[in-house]
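Asks:
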Amino acid sequence: MKKYLSIFSITLQEVFTYRLNMVMWRVRQIFVFLIPFFIWRAVLGGGGDIYGYSFAAIMTYLFGTTILRSLVMGSRTIDLGWMINTGALTIPLMRPFNIFKFFFIRDLADKLFNLSFMFIELPLIYFVFHPPIFLQTNAFYLLCAMSSILCAIFIFFYINVIFGSLAFWTRDIWAPRFLLMVIMEFATGAMFPLDMLPEMWQKIMLLTPFPYLLYVPLKIYLGQNISLIPQFIWVIFLGLITKIIWQKGLSRYEAEGR
Amino acid sequence: MKLKVAKTYLRVWLKLTAQQFQSQVANARGAALLFIFGKLFRLGTAFLMLYVIMGRAKLIVGYTMPQAILILALFNFVSNIAQLFMRGIYMFRQKVVDGTFDFYLLNPLSELFYSLFSATDPMDTLLIFPYLGLVVWAWINSGFPLIFSSVLFVLIVVVIAFVLIMSWHIIILSVGIKYLEVDNTIMLYRDLEKMAAIPIEIYGKTGSAILTYLFPFALLATIPARLIFGLYNPWFLLGFVALAILYLKLSLFIWSRALLSYSSTSS
Amino acid sequence: MTYTILANNLSKIYSVQKKRPGLSGSLQDLFSPIHEQKQAVKDVSFVIDEGELVGFIGPNGAGKTTTLKMLSGLLYPSAGSVRVLGFDPWKRQYDFLRQISLVMGQKNQLWWDLPAIESFNLARDIYDIPSSVYKKMLNQLVEMLDIGDVLNVQVRKLSLGQRMKAELVAALIHSPKILFLDEPTIGLDVLMQQSMRSFLKEYNQNSTGSIVLTSHYMDDVKELCKRVIIIDQGGIIYDGLLSDVIAKFSQHKIIEVITSSGTTTHKVLRGKVAQKAAELLKDPSVIDINIKEVEIEDVIRQVFSNK
């Protein structure tokens, strides 16, 4: 257990070393929130609704995705591809701990870092812009939401490991990563609530794991009756694929570059 | 003399771009295609969001949907051209870390030239055509005439915007030289820039003022659009020319100061 | 008379952040960082003339590379002044840059994925070399370095030695007046080191250009440099002929005694050499004796350990 605490601590130290980087990253998160805020305010500020979302509802959604991003999508496993390509993976592989636990702990450190900043920034934004938001009080929904978030964390972790593992087969990992990022930006529901789209589109999107990262957990929090089962299935399914790909990839690993 | 130097830069840039292409042919072609697809997908989702919102709202801060589409198309065009030419900034950190930047400094041509322009991806240049086509389509779709004076003004704005964007990139490079932090800085810049993809009036009086006079991102889309709609006085552009020159001088000054503390990688 | 390189009291001070250990340490570093001043180069002055081949030698971290970088215009001196070919190198003016060249051991300025010839052609455009001059220079260099058959091979596929040679062509194609070399033989095997040294020697003899190199390999120095500048801990401790270094710093000579059972060496004070030699020769098992100067490596080592 102690070794995992050390890993956690060192990851945080790494983050703190790059001060400017840290500051920039946080400022960027503020922008991610601001632009949609302005758009929605312009469209809905005066009242009315779009596809059933009033200004208050959409604001809650926006706040929700902003917090969930830090919680679900804060990750350092994105480095995996680079680690494989440069041979940097060798060192943690040779250490006496489970490599997946290693990556996961690092992710947790990243999430903690991001969340702690959120607790400063969000109240700030709230006081400046006074967006109306909705707080869930029903215990059942809260519980479901938390399980959903936990599933989302795992799903994202597995997606990152799978994509990082591509590096076992090809040197060029930035292009597929870029494509993934672009698709996720949209498909996770980060840009706008997915139920603003036509039914057909929604059905198609729900066949991919992406909406389960932000959109579904948030909807559950907001009190919508959505089943947790598809998420569980995705967790198990992706977990299996990750294991298989990882084993296959590892056998190809040549530790080049060191 | 100045013309000769300009010709040298152009020749070298063409050669670098051609060699970049040759280098790509030697490696993976698939990557370039994935990138292009990714960029088009991103553009597609932006338009999708616009449709979704404006599908219900008739006007957005006084602009109709076709007008808002034109603004998005203009932003996309200008922003992407700038990114396409100044792609070097995304490799900058690597170049400083592996020592290539030292070679840039000692090369007779400006190190800023290499840091910004030496990595133009020829595949990206292909995208200019669909993006331009999109602008032309959106222009016609907006119902405003495609007359010579409008086109001229838009071109002037694009040139001014390009100079401004270059200045900001130079400032980002300066930050990068001092703190070795480029990637988040450039992404932060892109986030700021993205604000101009929609009509800036959305940001309220203060927001618009900041985006017009302090960080004139409004030049990327809203201002040329307003010129097209006949809502803008072209004489104001002179003020922006002066602002662009000021920013350029400022950025070059900041760059020379940043280099003073450059410590170079150890051997 | 204008000197090729004129350095006056050059100094360079770096500000380095001191990191505190542990999580709490890094949090402290975040909010109140401590910086230390490190003096890399202190009050260095020297003059180099046209056509000279000068070596800056010293242990790792002595400040040789820092000095070289100030001479080429990469680093801004914290104090002092330097004039190279009449220019202030820091200004990096076009006319200055086209007359110098820098080669850094292990670092490449050639296009990795393209044949070397492409990089040379690019250099022609950048330095504005007239076609005829370019062709002549290219042929000359390629012949001298014997890389004619790899010109059209991708640089990434070349061996380390071939790559270094191609680097040299790229560096010299515009006939620079000064060639700066930073640890040029580092990482090369013995044969390659040898061919690089002979090339540099030949090049220096056949052209009017100056060569300034840094190295911590004694063999580079012994082979190439008539004149050395020894730098240690940021300051110059010797500037002059290599042959004089030994005389100045070494009070001893070596007497090598060869007998039928083997060789022994004796370190003897200069004044006592003749006496000791005569003494040793009295032994009937002695076949031969050699009287030698102390190896330069040993002299330098001694110098560094004393200072």
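Protein chains in written order, with this note's numbering: chain W, 14 to 271; chain B, 37 to 303; chain F, 1140 to 1446. In this text, a Cβ means the ideal position worked out from N, Cα and C, and glycines have one as well.
#1: Could you check if F:Leu1359 is buried or exposed, using at least 16 other CB atoms within 10 Å of its CB as the buried criterion?
#2: Between B:Gly98 and W:Ile71, what straight-line distance do the alpha-carbon atoms span, to the nearest angstrom?
#3: Note down, in chain order, every chain B residue with its Cβ under 9 angstroms from the Cβ of F:Lys1208.
#4: Got a sec: is the Cβ-Cβ distance from W:Ser22 to anything in chain F below 9 angstroms?
#5: Within 10 angstroms of its Cβ, does W:Gly202 collect 16 or more other Cβ (buried), or is it exposed?
#6: As a quick exercise: from W:Met204, W:Met107, W:Phe245 and W:Trp182, pick the residue whose alpha carbon is nearest that of W:Tyr225.
#7: Using the three-state DSSP reduction, which class does B:Gly124 fall into: helix, strand or coil?
#8: If you measure between the beta carbons of W:Arg82 and W:Phe116, is that distance less than 9 angstroms?
#9: Is it true that the CB of B:Ala197 sits closer than 9 angstroms to the CB of B:Leu152?
#10: From F:Val1183 to F:Tyr1266, what does the alpha carbon distance come to, in whole angstroms?
#11: Output needed for B:Ser300: all residues of its chain with C-beta closer than 7 angstroms, excluding positions within five of it in sequence on either side, in chain order.
#12: If contacts are defined as beta-carbon pairs under 8 angstroms, then F:Ser1258 and F:Ala1309 qualify, I think. What distance do you get, rounded to the angstrom?
#13: What residues from chain B crowd round F:Arg1231, counting only those whose CB sits closer than 7 angstroms?
#14: So, with DSSP's three-state summary, where would you put F:Asn1461?
#15: Three or more C-beta pairs under 8 angstroms: does that hold for the segment 1190-1210 of chain F against the segment 1347-1363 of chain F?
#16: Please decide whether B:Asp227 counts as near chain W, where near means a Cβ-Cβ distance under 9 angstroms.
#17: Are the CB atoms of B:Trp291 and B:Leu206 within a distance shorter than 9 angstroms?
#18: Along the alpha helix (DSSP H) that carries F:Asn1343, what are the first and last residues, could you check?
#19: Which residue comes first and which comes last in the alpha helix (DSSP H) that contains W:Leu218?
#20: To the nearest angstrom, how far is the alpha carbon of W:Pro109 from that of W:Arg32?
#21: Please report the distance separating the alpha-carbon of W:Ile172 from that of W:Ile254.
#22: Could you confirm whether any beta carbon from chain F is found closer than 9 angstroms to the beta carbon of B:Ser303?
#23: Would you say W:Arg271 faces chain B, with C-beta separation under 9 angstroms as the test?
#24: Buried or exposed, going by whether 16 or more other CB atoms sit within 10 Å of the CB of W:Asp120?
#25: Rounded to whole angstroms, what's the CA-CA distance from F:Glu1306 to B:Phe180? Just pull it up for me.
#26: Looking at the strands, I want to know which residues DSSP matches up with F:Pro1254.
#27: Determine the extent of the alpha helix (DSSP H) in which F:Tyr1142 is found, giving its start and end residues.
#28: Is W:Met96 close to chain B? Criterion is C-beta to C-beta, closer than 9 angstroms.
#29: Can you find a CB in chain W that lies within less than 9 angstroms of the CB of F:Lys1246?
#30: I need the DSSP call for F:Val1412, collapsed to helix, strand or coil.
#31: Just to confirm before moving on: does the CB-CB distance between W:Glu212 and W:Met204 stay below 9 angstroms?
#32: Can you list, in chain order, the residues of its chain with a C-beta nearer than 7 angstroms to that of F:Leu1284? Leave out the 5 residues immediately preceding and following it.
#33: For the alpha helix (DSSP H) that contains B:Thr258, what are its first and last residues?
#34: Who does F:Gly1401 pair with in a DSSP beta bridge?
#35: If you draw a straight line from the alpha carbon of F:Ser1163 to that of W:Ser19, how long is it in whole angstroms?
#36: Please list the partners that F:Leu1166 has in chain W, where partner means a Cβ-to-Cβ separation under 9 angstroms.
Replies: Straight from the coordinates:
#1: For the record, residue 1359 of chain F in the displayed sequence is Asp; it is not Leu. F:Asp1359 is buried by the Cβ-count criterion.
#2: Rounded to whole angstroms, B:Gly98 to W:Ile71 spans 22 angstroms at the Cα level.
#3: Neighbours of F:Lys1208 on chain B, chain order: Asp138 and Ser300.
#4: At least one chain F Cβ lies under 9 angstroms of W:Ser22.
#5: Counting the other CB atoms within 10 Å of its CB gives W:Gly202 a total of 16 or more, which places it among the buried residues.
#6: The residue with the shortest Cα to Cα distance from W:Tyr225 is W:Phe245.
#7: In the three-state DSSP reduction, B:Gly124 falls in the helix class (H, G or I).
#8: Going by beta carbons, W:Arg82 and W:Phe116 fall outside the 9 angstroms limit.
#9: For B:Leu152 and B:Ala197, no; Cβs fall outside 9 angstroms.
#10: Cα-Cα distance, rounded: 32 angstroms.
#11: Counting only residues of its own chain and dropping the five nearest sequence neighbours on each side, B:Ser300 has a CB closer than 7 angstroms to the CB of Asp138.
#12: Taking a contact as a CB-CB distance under 8 angstroms, the pair F:Ser1258 and F:Ala1309 counts as one, their CB atoms being some 5 angstroms apart.
#13: Under the 7 angstroms cutoff, chain B gives Leu141.
#14: One cannot answer for residue 1461 of chain F here, as it falls past the ends of chain F, which runs 1140 to 1446.
#15: Cβ pair count under 8 angstroms is three or more, so yes.
#16: Taking Cβ atoms only, chain W reaches closer than 9 angstroms to B:Asp227, which makes this a yes.
#17: The amino acid occupying residue 206 of chain B in the given sequence is Ile; Leu does not appear at that position. Closer than 9 angstroms, so yes.
#18: Looking at the DSSP string, the run of the alpha helix (DSSP H) that includes F:Asn1343 is Val1329 to Asn1345.
#19: Sequence check: residue 218 of chain W is Met here, not Leu. W:Met218 -> alpha helix (DSSP H) spans Glu212 to Met218.
#20: One C-alpha to the other measures close to 31 angstroms.
#21: When the Cα atoms are used, W:Ile172 and W:Ile254 turn out to be separated by approximately 10 angstroms.
#22: Low confidence applies to B:Ser303: its pLDDT is 46, below 50, so where it sits in the model is not reliable enough to give any reading.
#23: Low confidence applies to W:Arg271: its pLDDT is 39, below 50, so where it sits in the model is not reliable, and the reading given next is rough at best. Look at W:Arg271: its C-beta is not under 9 angstroms from any C-beta on chain B.
#24: Classification for W:Asp120: buried.
#25: Straight-line Cα distance between these residues: approximately 58 angstroms.
#26: DSSP output for F:Pro1254 lists F:Gln1293 as bridge partner(s).
#27: F:Tyr1142 -> no alpha helix (DSSP H), and no H or E assigned at all.
#28: It does not: the Cβ of W:Met96 has no partner Cβ on chain B nearer than 9 angstroms.
#29: Judged by the 9 angstroms Cβ criterion, F:Lys1246 is not in contact with chain W.
#30: DSSP places F:Val1412 in helix when its eight states are reduced to three.
#31: W:Met204 is positioned such that its CB atom lies no closer than 9 angstroms to that of W:Glu212.
#32: Within the same chain, Lys1304, Leu1307, Val1308 and Phe1338 come within 7 angstroms of F:Leu1284 by CB-CB distance, once the 5 residues on both sides are set aside.
#33: Counting along the chain, the alpha helix (DSSP H) containing B:Thr258 begins and ends at Thr258 to Ile264.
#34: Answer is F:Thr1398.
#35: F:Ser1163 and W:Ser19: Cα-Cα distance of roughly 13 angstroms.
#36: Ordered by position in chain W, the residues that pass the 9 angstroms Cβ test against F:Leu1166 are Leu25, Gln26 and Phe29.
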